[in-house]
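Residues in the sequence shown are numbered consecutively from 3, following this note's numbering.
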Amino acid sequence: MSKDTQIVETVSGTWLRFPNGFKKFHCLVELPDQLSLNINTKSGCVHVHKKNSDDVFQYVGELYITANGNQLQCAVQAAPAKEVVETPTKQSDAS
Numbered sequence: 003m004s005k006d007t008q009i010v011e012t013v014s015g016t017w018l019r020f021p022n023g024f025k026k027f028h029c030l031v032e033l034p035d036q037l038s039l040n041i042n043t044k045s046g047c048v049h050v051h052k053k054n055s056d057d058v059f060q061y062v063g064e065l066y067i068t069a070n071g072n073q074l075q076c077a078v079q080a081a082p083a084k085e086v087v088e089t090p091t092k093q094s095d096a097s
């Protein structure tokens with residue numbers, strides 16, 4: 003397995019693989035459909051991760067859940083898509 007990953011324990015005792023930069027909040031939960039939720043109980047922020055083809059859970063976005071009186075509000079922010087940056091080939095100035 004890749005050296006740039008780590009395994010992290012969920013609340014149910016299963017172990018999932020994440021990139022080394024991953025920081026576990028207060029509660030890590032595995033869901034069906036290869037998803038996991040990393041819940042910050044102080045801020046109400048929930049980071050969503052999805053398992054890729056290498057069995058590593060990658061960040062795909064976050065949820066903010068708040069209660070205002072009798073109403074629940076949920077804001078969702080998807081991670082920006084990774085852009086493929088092409089480096090232009092250097093052309094000669096001579097014509």
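Glycine included, each C-beta is placed from N, C-alpha and C at the ideal position.
Between the Cα of residue i and those of the options, spot the shortest distance and give me the residue it belongs to.
| i | options | result |
| --- | --- | --- |
| K52 | K44, S45, I9 and V62 | V62 |
| P21 | L39, C29 and F59 | F59 |
| D57 | L18, K5 and K25 | L18 |
| Q79 | N72, G71, Q73 and I67 | I67 |
| C47 | S38, V10, N54 and E64 | E64 |
Using DSSP bridges, identify the partner residues of residue i.
| i | result |
| --- | --- |
| P21 | T7 |
| V31 | L39 |
| S69 | The question names Ser, yet the displayed sequence has Ala at residue 69. Bridge partners of A69: L74. |
With DSSP as the reference, label residue i as helix, strand or coil.
| i | result |
| --- | --- |
| K26 | coil |
| K53 | strand |
| G63 | strand |
| V48 | strand |
| A83 | coil |
Between residue i and residue j, how many whole angstroms is the CB-CB distance? I'm expecting something under 8 Å.
| i | j | result |
| --- | --- | --- |
| T7 | E32 | Actually they are not in contact, since the Cβ atoms of T7 and E32 sit about 16 Å apart, beyond 8 Å. |
| F24 | N42 | The Cβ separation is near 13 Å, so there is no contact. |
| V10 | L37 | Rounded, the Cβ-Cβ distance is 15 Å, inconsistent with contact. |
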